[in-house]
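Asker: Quick note: to get the working numbering, add 7 to the position in the sequence shown (first position is 1).
Here a beta-carbon is modelled for each residue, glycine too, at the ideal position from N, C-alpha and C.
Quick one: structure below, then a few questions.
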Amino acid sequence: MCECRVIDRTGLILDIFAQRARTHEGKLQVELAQLRHLATRLVRGWTHLERQKGGIGLRGPGETQLETDRRLLRNRIVQIQSRLEKVEKQREQGRQSRIKADVPTVSLVGYTNAGKSTLFNQITEARVYAADQLFATLDPTLRRIDVADVGETVLADTVGFIRHLPHDLVAAFKATLQETRQATLLLHVVDAADVRVQENIEAVNTVLEEIDAHEIPP
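In structure tokens, the structure reads:
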């Protein structure tokens, strides 16, 4: 028998996100998505979490191992959600300050690896990590720029989209996606050299609709 790991599409995407996460916030969001995905797959005969995590909890009175694992998952999910809610509140304070100062926000959106971070660096002269790989950017980066006839504007670089984006990811990256939801304007970046360019455009539009950002002017 060939001993190899078998995972589904969602698991593969989550693994890639885990490899790309660099900040504490990004790692928390990925872990939350992974735990939510894992929670739907707990069945009898599961190799329990205590063995995987090195004994992260003890079984309660009359509690089966499956029930223990579910409890451990729920507790960790609640803990991460609490931390991310604090992050979301901090981001919301920043957005409200920009609104009061009448500073518009332009959010870069597009299919993963379309070149958003490269364009962001060119416009802002920033040094955001940019690479020819899927989901190189997970955390939103904001910079102030001056736009002719508009004045001071905030440009936001955000996570790239993919067709059939897992719902666990959408929910976990709520704080990150808020930068897109509440933007004044969306700048859709497209890789015209991609053979699936039209499909990618449609996939991005679908995700924008899923996160209720489709009515923001492009």
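When we look at the beta-carbon of T71 and count the other beta-carbons within 10 Å, is it buried (16 or more) or exposed?
Answerer: Looking at its Cβ environment, which holds fewer than 16 other Cβ atoms inside 10 Å, T71 is exposed.
Asker: Give me the residue from A121, R81 and R12 with the minimum Cα distance to A199.
Answerer: Of the candidates A121, R81 and R12, the one whose C-alpha sits nearest the C-alpha of A199 is A121.
Asker: To the nearest angstrom, how far is it from the Cα of E10 to the Cα of T75?
Answerer: Roughly 28 Å between the two C-alpha positions.
Asker: Below 6 Å CB to CB, which residues in the same chain sit around P111 once its five sequence neighbours on both sides are set aside?
Answerer: T160 and T191.
Asker: Determine the closest residue to K93 out of I20, Q205, I169 and T183, with distance taken between C-alpha atoms.
Answerer: For K93, the nearest C-alpha among the options comes from T183.
Asker: Relative to the alpha-carbon of V196, which residue among G167, V177 and R188 has its alpha-carbon at the smallest distance?
Answerer: The option with the nearest alpha carbon to V196 is G167.
Asker: Can you list, in chain order, the residues of its chain whose CB lies under 8 Å from that of D22, leaving out five sequence neighbours each side?
Answerer: Closer than 8 Å at Cβ, skipping near neighbours: I14.
Asker: Cβ of L35 within 9 Å of Cβ of L91?
Answerer: Yes, the pair counts as a contact, with Cβ atoms nearer than the cut-off.
Asker: Please give the ranges of any beta strand (DSSP E) in the region 59 to 123, keeping only runs that are unbroken, at least 3 residues long and fully inside the region.
Answerer: With a minimum length of 3 residues, the continuous beta strand (DSSP E) runs that stay inside the region 59 to 123 are 112 to 117.
Asker: Look up R151 in the DSSP assignment and say whether it is helix, strand or coil.
Answerer: The answer is strand: DSSP assigns R151 an E or B state.
Asker: Following the continuous alpha helix (DSSP H) through E159, name the residue where it begins and the one where it ends.
Answerer: From DSSP, E159 is part of no alpha helix (DSSP H) but of the beta strand (DSSP E) over G158 to D164.
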